[in-house]
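These notes are about the structure you will find just below.
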Amino acid sequence: MPERIDASRRVVIENVEPELDGGRYAVKREVGDTVQVEADIFKEGHDALSAAVWYRAEDEEGWRESPMKFWDNDRWRGSFTPDRNCRWFFTVVAWTDVFGTWQSDLRKKYDAGQEVLLELFEGAQLIASAAAPLAPGADRDRMIAFLEEIVGDAKMASAGLIERDSWPAFRDGVEAAADLTLAERVAAALDPALLELMARYPLRQDLTRYDRELPIQVDRVAARFAAWYELFPRSMSDDESRHGTWDDVIGKLPYVRDMGFDVLYFPPIHPIGRKFRKGKNNTLNPGPDEPGVPYAVGSEEGGHKDVHPELGTMEDFRRMVAAAREHGLEIALDFAIQVSPDHPYAREHPGWFNQRPDGTIMYAENPPKKYQDIYPLNFYGDDWEAQWAEWRDVILHWAEQGVKIFRVDNPHTKPVQFWEWMIRQVQEQYPDVLFLSEAFTRPKMMRALAKAGFSQSYTYFTWRNFKGEITEYFTELTQGPMKEYFRGNLFPNTPDINPEFLQRGGRPAHMIRAVLATTLSSVYGIYSGFELCEATPLAPGKEEYLDSEKYQIKAWDWDRPGNIRPLITRLNQVRRQNRALQEYDNLRFYPADNDNILFYGKMTEDRTSMVFVAVNLDPFAAHETMLHFPLPDMGIGWNDPWEVEELLTGERHFWHGGSQWVRLDPDAPARMFRVRAWRSSERGFDYFMEPTLV
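Sequential numbering of the sequence shown, starting at 1, is according to full-length UniProt numbering.
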């Protein structure tokens, strides 16, 4: 039996973008973004075509429509703007533009001197077909007016009905008419205003729809633009002998706010297990007062839905969340799917864990590291459905407490299938919930987690220190296919990672990494102590902090000499005041003659915000170079003078030409230039200054 052919699908629609794995996964955008859609659209012969993007929010039944325009070589472009935070869908439709085809053929035949009476009549039929059932009010009246000019019969035109048997009357009327020439009739038929009018009410012959509805996860803007600050609540007492409380955290909110951060992120805040508890610097013989590792979640006092009793009550936690909101800060929590041997789950659900032949539960290992205080989970055990639902409900519980951002610990050690299911389950109830993937692992796994739904992802930025590798890596992240679904959140340090670059490079290294983190991506974060240039390693060659907060309560000297708080504060101000730095995929690298100096920039599409950054990547020596600005991309002529403001110093310069010299010292390793003006050949200088964005 031959395959059934759908003869109505006359138009070919293929190579639709953005499309992720054939529509298997959703590409990512934010509310207010313009979603650019492209497709190859063509059919046999020489008929004109029209096309549109159909789009809708997932809870809408009908499609909205936005037109597509021919671009080049059968490539069409269109766009739409999602106006709320939820899952959206779009597809592409195309059809034969019968009126546009008719008008084009009429022009060719008339210009060639051919007989076109029958063509005029056929066009009149098309206009009547649109006017009668489709066009309302004034537009219908305009169509009738065009019909009258073409037909020459007011009665026939006003009826809006040109039947096939009207052809003899039309032909005879044209031949007998003295007041309306054929040329005038053709001119009316070819009027561009008529084509524009007909395009509003297209006769969609051969309407063909792309065979997929493509998903888009439209997040709130915080998914793309935010500055994170991580701290351990238990260390906020500023006294190593006293466990911090939520009131102590409230007292630190102005410190975080004044540096310009948007998100305040905590490691796990739950009760901590006692069995196999780790001591200071990861020792196995803790003293009786050792606080334990927050990632060993769970004790007789509760589990993942509870707060550590020494921090305070759940009511205290909610009060802290509200206080943070008043300071312009949003709370993010660590979601660690692992439990201590004391966790209620270990007693109530032994089937959720991997059991060894001797009946014991297998603890976590990453040889040579051993985590005797942590049990990992078996996600495909006999009771896996109940376990998956419980982890979903943990997130929903904290969302009910006002937490809408979660940093997920080691998601690459859990099934991708689980994350795809769980994230969708949560976002169907709370579309504004965001998930950050803390997966320093194989590239394909990191990409798979982002496709599965993670809103943001950790990156290899922490270990990219030199010009070539930074350029290559961030070109991949922001200019290739990954830009559609992978938002890189840049952390120069974490409680687990004290990079050698920071250990060896001291204060200049911290300044370099701060500038890179805040400007290479639109979303970044630091772990507290970074602004104090804390980088003492546990031992030579170890990327771990000495006296790490993971194992003990610390008291920080928040005004430590040599801190870089003023730089971080200024960088966060600059990010808020320049829209170009709030975008993710507009990063471009430009030439600098010295391999120790990285030069890059970001522009908005309308070029009203343009920021360029030069960074000395060497924390030990000064370097100088020529920077080569992309004047044509900036809309500046090669011979025009132009003005820049140095955003870190406030200095201003008038420059000529695209090549400018800089010297960057370790104590001032970066320059940031905002383009403020350019020369207009008609009006002299055109100045602009962006408003401050909060």
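Just so it is clear, CB atoms sit at the ideal spot from N, CA and C, and this is done for glycine as well.
Close-in-space but distant-in-sequence residues of the same chain around residue i (CB under 7 Å, 5 per side omitted)
| i | result |
| --- | --- |
| residue 623 | 594, 596, 597, 616 and 664 |
| residue 718 | This structure does not reach residue 718, given that the chain is present from 1 up to 694, and the question cannot be answered. |
| residue 558 | 255 |
| residue 519 | 581 and 613 |
| residue 98 | 126, 203 and 205 |
| residue 681 | Low confidence applies to residue 681: its pLDDT is 48, below 50, so where it sits in the model is not reliable enough to give any reading. |
| residue 693 | Any reading at residue 693 needs caution, since the residue's pLDDT is 44, under 50, leaving its predicted position unreliable; the model's value is listed next. Excluding positions up to five away in sequence, the list reads 576, 577 and 579. |
6 Å Cβ shell around residue i - same chain, five flanking residues per side excluded
| i | result |
| --- | --- |
| residue 100 | 48 |
| residue 26 | 215, 216 and 217 |
| residue 312 | 245 and 246 |
| residue 653 | 644 |
| residue 261 | 227 and 229 |
| residue 455 | 219, 223, 434 and 435 |
Contact check, residue i vs residue j, beta carbons under 8 Å
| i | j | result |
| --- | --- | --- |
| residue 371 | residue 346 | no |
| residue 395 | residue 317 | no |
| residue 342 | residue 298 | yes |
| residue 382 | residue 359 | no |
| residue 243 | residue 291 | yes |
| residue 269 | residue 233 | yes |
| residue 416 | residue 450 | no |
| residue 463 | residue 508 | no |
| residue 79 | residue 206 | no |
| residue 674 | residue 578 | yes |
| residue 491 | residue 524 | yes |
| residue 284 | residue 337 | no |
| residue 131 | residue 143 | yes |
| residue 539 | residue 503 | no |
Under the three-state DSSP convention, the category residue i falls into
| i | result |
| --- | --- |
| residue 687 | Below a pLDDT of 50, predicted positions are generally treated as unreliable, and residue 687, at 47, falls in that range; no measurement from the model is reported. |
| residue 693 | Because the pLDDT at residue 693 is just 44, under 50, the model does not fix this residue reliably, and the value given afterwards should be weighed accordingly. Residue state, collapsed to three classes: coil. |
| residue 40 | strand |
| residue 137 | helix |
| residue 407 | strand |
| residue 195 | helix |
| residue 623 | strand |
| residue 364 | strand |
| residue 680 | Residue placement at residue 680 is flagged as unreliable, the pLDDT there being 49, under the threshold of 50; a coordinate-derived value is accordingly withheld. |
| residue 542 | coil |
| residue 610 | strand |
| residue 438 | strand |
| residue 449 | helix |
| residue 217 | strand |
| residue 5 | coil |
| residue 554 | coil |
| residue 651 | coil |
| residue 129 | helix |
| residue 97 | strand |
| residue 19 | coil |
| residue 295 | coil |
Per DSSP, cross-strand counterpart(s) of residue i
| i | result |
| --- | --- |
| residue 618 | The partner list for residue 618 (beta bridge, DSSP) is empty, contrary to what the question assumes. |
| residue 265 | 230 and 332 |
| residue 92 | 53 |
| residue 341 | Partner(s): none; residue 341 has no beta bridge. |
Proximity test, residue i beta-carbon vs the ligand ADP heavy atom, cut-off 7 Å
| i | result |
| --- | --- |
| residue 328 | For the structure depicted, the ligand ADP is absent and the ligand set is empty, with no information on it obtainable. |
Among the options, the one whose alpha carbon lies nearest that of residue i
| i | options | result |
| --- | --- | --- |
| residue 585 | 489, 136, 411 and 562 | 489 |
| residue 430 | 405, 444 and 420 | 405 |
| residue 72 | 34, 457 and 40 | 40 |
| residue 613 | 591, 632 and 273 | 591 |
| residue 606 | 150, 634 and 387 | 634 |
| residue 575 | 658, 515, 427 and 125 | 515 |
| residue 15 | 89, 120, 499 and 211 | 211 |
| residue 286 | 37, 551 and 411 | 551 |
| residue 38 | 68, 437, 460 and 176 | 68 |
| residue 315 | 392, 266, 400 and 386 | 400 |
| residue 448 | 123, 413 and 428 | 413 |
| residue 671 | 470, 647 and 85 | 647 |
| residue 494 | 543, 676 and 479 | 543 |
| residue 392 | 135, 533, 424 and 527 | 424 |
| residue 409 | 199, 266 and 190 | 266 |
| residue 104 | 46, 390, 147 and 459 | 46 |
| residue 84 | 231, 62 and 221 | 221 |
| residue 439 | 467, 389, 497 and 465 | 497 |
Contact with chain B by residue i, beta-carbon distance below 8 Å
| i | result |
| --- | --- |
| residue 151 | No chain B appears in the structure shown, which is made up of a single protein chain. |
Sequence-distant residues of its chain with Cβ nearer than 8 Å to residue i (five each side left out)
| i | result |
| --- | --- |
| residue 476 | 482 |
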